[in-house]
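Student: Note that full-length UniProt numbering numbers the sequence shown so that position 19 is 19, with each residue one more than the last.
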Amino acid sequence: MRDEALAPADLHDPGLKVVDVGGGTGFTTLGIVKHVYPKNVTVLDQSPHQLAKARQKEELRECTIIEGDAEELPFPTDSVDRYISAGSIEYWPDPQRGIREAYRVLKLGGLACIIGPVYPTFWLSRFFADMWMLFPKEEEYVEWFNKAGFKDVKLKRIGPKWYRGVRRHGLIMGCSVTGVKRETGDSPLQLGPKAEEVKKPVNPFSFLIRFILGMIAATYYVLVPIYMWIKDQIVPKGQPI
């Protein structure tokens, strides 16, 4: 599914300058360097532990790997051809600010590609999603891109080819959203200063409850796809599952 998700990024030229924001261990970056010279790729993440794993990958040894914040990118305006971020937006405190930054760092005509989860439709899936992390709706992705100034905004749904019941059962699926920078310079969207992160003391009881719910949610999202895969093998093609 990685290659399918990256296809809209249009990595047609090995000389493209690419940033992988929230690249973590370099899983998505491995897909990028299949098409682009590693020396032209920069991986950025806030976690030094994740980046340490990326540095251990032989295929990424020529990539630039740095710590940084998706909402305050350390890159000049109009400096890259492709902005890619996969599996990261759900952790951003302010997704609109992050997408605005994507617009800023891209060159004129450059393309941003953000890959992330989609808010589920089934009530139980929604309950667990709300307890877990940010799961944007498809229309929210498109709105964020449009507000940041992108043109030709497109959304592509991503999911296992064997699964035929995404909308009916409301599993957590993903999407790949792309947009093209329409003008040079900063984004036309004006935002106030970034909110300061204030660390609050952890409530042990609240932490325990969220931990238990998180474990239940993880089990749920493992078992349900297995169940759907089994049904897909049994139910004839063309019939709803």
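The beta-carbon is built from N, C-alpha and C at its ideal position, and this holds for glycine as well. As the structure is a computational prediction, the values presented were derived from the model and not from experiment.
Express the C-alpha separation of K156 and P48 in angstroms, rounding to a whole number.
Tutor: 31 Å
Student: How many angstroms separate the CA atom of G109 from the CA atom of L213?
Tutor: 44 Å
Student: Between which two residues does the alpha helix (DSSP H) carrying T28 extend?
Tutor: Taken as a continuous stretch (DSSP letters only), the alpha helix (DSSP H) holding T28 covers 27-32.
Student: From which residue to which residue does the alpha helix (DSSP H) around P95 run?
Tutor: Where P95 is concerned, the enclosing alpha helix (DSSP H) starts and stops at 95-105.
Student: My assumption, with CB atoms under 8 Å, is that G149 sits in contact with R97. Please give the rounded CB distance.
Tutor: Actually they do not touch by this definition, with Cβ atoms about 13 Å apart.
Student: Output yes or no for whether 8 Å exceeds the beta carbon distance between C113 and P225.
Tutor: Cβ distance not < 8 Å, so C113 and P225 don't count as in contact.
Student: Is it true that the CB of K57 sits closer than 8 Å to the CB of L16?
Tutor: no
Student: Taking the alpha carbon of T184 as the point to measure from, which residue in N203, D78, E143 has its own alpha carbon closest?
Tutor: D78
Student: With 16 as the cutoff for other CB atoms within 10 Å, does E59 come out buried or exposed?
Tutor: Burial call: exposed.
Student: Whose C-beta lies closer than 6 Å to the C-beta of F127 among residues of the same chain, with five residues either side of it excluded?
Tutor: none
Student: Candidates K137, P193, L223, T178: which alpha carbon is nearest A86's?
Tutor: The option with the nearest alpha carbon to A86 is T178.
Student: If I measure Cβ to Cβ from C63 and keep anything under 6 Å in the same chain, skipping five residues before and after, which residues do I get?
Tutor: P38, V41, V43
Student: Classify S125 as helix, strand or coil using the three-state DSSP reduction.
Tutor: helix
Student: Going by other Cβ atoms of all chains shown within 10 Å of its Cβ, with 16 needed for buried, is G26 buried or exposed?
Tutor: With 16 or more Cβ atoms within 10 Å of its Cβ, G26 is classed as buried.
Student: Roughly how many whole angstroms lie between the Cα atoms of V105 and L134?
Tutor: 24 Å
Student: How about I65 and A54: are their beta carbons less than 8 Å apart?
Tutor: yes
Student: Grouping DSSP H, G and I as helix and E and B as strand, with all else coil, what is R157?
Tutor: In the structure shown, R157 sits in a strand (DSSP, three-state: E or B).
Student: Just to confirm my understanding: we take N146, look at its own chain, exclude 5 residues before and 5 after, and list those with CB closer than 7 Å. What are they?
Tutor: V153
Student: Excluding the 5 residues flanking V80 on each side, which residues of the same chain have their C-beta closer than 7 Å to its C-beta?
Tutor: In its chain, beyond the 5 residues on either side, K17, V18, V19, V105, L106, K107, G110 have a beta carbon closer than 7 Å to the beta carbon of V80.
Student: For P120, which option in I230, P93, V235, M173 has the closest C-alpha, if you only look at C-alpha atoms?
Tutor: The candidate whose alpha carbon is nearest that of P120 is M173.
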